[in-house]
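*Asks:*
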Ligand code: NAP
Ligand code: GDD
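Residue numbers (the working numbering): 3 to 351.
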């Protein structure tokens, strides 16, 4: 039986990947951080909490990484752990560099020393293209990061290439464009919108505050993207791949589709707040996944309008259940909204 170790198993992709690998017959190990309140809701939501084996581990702590590798003896390691929120990386630039950048160097060093035969997947990102001037981005597009998060991911991306070349590790960068799902964190714009649509529809909230709604992203469906991660580690030679839908849509289009799928007009419920504007914005991402299609045989099936609809449907169903008093593992009831969170733009009198 193959062993897989997933860092960041408590996150959106970690939970879907764990489920995918369990279905393939893997023994799945995952790392989680020690938090004041444990955060296993996604694994419970997918019904796999009892099937995965968990280690406490933090990418800030090399010894905890070594212990996770030593105990799990993985054939494949998927590094999905990161401070993954671009907005927060402007507020916590140093911590983002430590976790999202240096954390990967710690992991590569640990793999080199403890399990050099293990195949390694790194969650690289389209955010590395930054506020670029290209119509569509692929594996050869220049990388010009526009956020502390992207700069940290770029460092990790290059460290992986150095370890692949220098030490012969089987290691792949998956340059994934945005991918969403009902398990997406509530701070990311898609889920922030679909969660708000559900609350507004049910009369629990009246409006939502957003930043730059002209930004464009290439949004795909997360459960399909974890399959591409696995495919990358099954090839004869390691390489880097773009995973995307080859479509780009604005946040405004997302709003329009999400509110109208619940029979609402988005313009009645959206306010723009400078609190959600970023110091540097990535205005447009649009991925060309031709290499993934050609080499991995991967292509997306769920595209923009189906994605928006399935996310709205599930958030509506959850809030309706909640109103009926049904309890289930879920994040939203515990996170009323972002109004209480101050930003650097707040001026104190
Ligand atoms: P996510 O839901 O935010 O999950 C991030 C995971 O990292 C969580 O399990 C989190 O643990 C863990 N983590 C955070 N800090 C850590 C630390 N210091 N040590 C160990 N673990 C830590 O992110 P996602 O959407 O699943 O994305 C997975 C990966 O793909 C991330 O690396 C992200 O940057 C990258 N990526 C995502 C997308 C996308 O559109 N989703 C696109 C490209 C790349 P807690 O649960 O304890 O917070
Ligand atoms: N989060 C958020 N909240 N974003 C907003 C808001 C808001 O209120 N209003 C407008 N936006 C805009 C952001 O400025 C950005 O241009 C776009 O919506 C998408 O923001 P996010 O959903 O936060 O995602 P992201 O593109 O910054 O980052 C995600 O995708 C990357 C891959 O391109 C994350 O998953 C990263 O981890 C990932 O690497």
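Cβ atoms here follow ideal geometry from the backbone N, Cα and C, with glycine treated the same way. Quick caveat: nothing in here was measured; it's all calculated off a predicted structure.
Look up residue 320 in the DSSP assignment and say whether it is helix, strand or coil.
*Replies:* In the structure shown, residue 320 sits in a helix (DSSP, three-state: H, G or I).
*Asks:* Distance check for residue 97 and residue 121, CA to CA, integer angstroms please.
*Replies:* Their Cα atoms are separated by approximately 27 Å.
*Asks:* Taking Cβ to Cβ, would you say residue 229 is nearer than 8 Å to residue 22?
*Replies:* For residue 229 and residue 22, yes; Cβs fall inside 8 Å.
*Asks:* Please state the DSSP three-state secondary structure of residue 207.
*Replies:* Three-state result, residue 207: coil.
*Asks:* Does the segment 61 to 79 touch the segment 135 to 154, meaning 3 or more C-beta pairs lie closer than 8 Å?
*Replies:* Output reads no: the segment 61 to 79 does not touch the segment 135 to 154.
*Asks:* Where does residue 178 fall in DSSP's three states?
*Replies:* Residue 178 falls in the strand class under three-state DSSP.
*Asks:* Would you mind sorting residue 52 into buried or exposed? The rule is 16 or more other CB atoms within 10 Å of its CB.
*Replies:* Exposed, by the Cβ-count rule.
*Asks:* Quick check on residue 108: does DSSP put it in helix, strand or coil?
*Replies:* Residue 108 falls in the helix class under three-state DSSP.
*Asks:* Under 8 Å: do the segment 9 to 19 and the segment 31 to 42 share three or more Cβ pairs, one atom per stretch?
*Replies:* Segments in contact, yes.
*Asks:* Starting from the C-beta of residue 315, find all residues in its chain whose C-beta is less than 7 Å away, skip the five residues before and the five after it, and write them out in chain order.
*Replies:* Cβ within range, chain order: n/a, list empty.
*Asks:* Given a cut-off of 8 Å on the beta-carbon distance, is the pair residue 294 and residue 244 in contact?
*Replies:* It is a contact, given that the beta carbons lie within the stated cut-off.
*Asks:* Quick check: is any heavy atom of the ligand NAP less than 7 Å from the C-beta of residue 7?
*Replies:* Residue 7 Cβ: outside cutoff for every heavy atom of the ligand NAP.
*Asks:* If residue 247 sits next to residue 302, beta carbons under 8 Å apart, how far is it from one beta carbon to the other, in whole angstroms?
*Replies:* About 5 Å; that satisfies the 8 Å criterion.
*Asks:* Do you know how far the Cα of residue 103 is from the Cα of residue 227?
*Replies:* When rounded, the distance between both Cα atoms is 22 Å.
*Asks:* Suppose the cutoff is 8 Å on Cβ atoms and the five residues either side in sequence are ignored; what does the same chain contact list for residue 153 look like?
*Replies:* The answer, listed in chain order, is 99, 103, 147.
*Asks:* Answer yes or no: the CB of residue 44 versus the heavy atoms of the ligand GDD, is any distance below 7 Å?
*Replies:* Outside the cutoff, so no.
*Asks:* Assuming residue 197 contacts residue 317 under a Cβ cut-off of 8 Å, what Cβ separation, rounded to an integer in Å, is found between them?
*Replies:* Going by Cβ atoms, the distance from residue 197 to residue 317 rounds to 5 Å, so yes, they are a contact pair.
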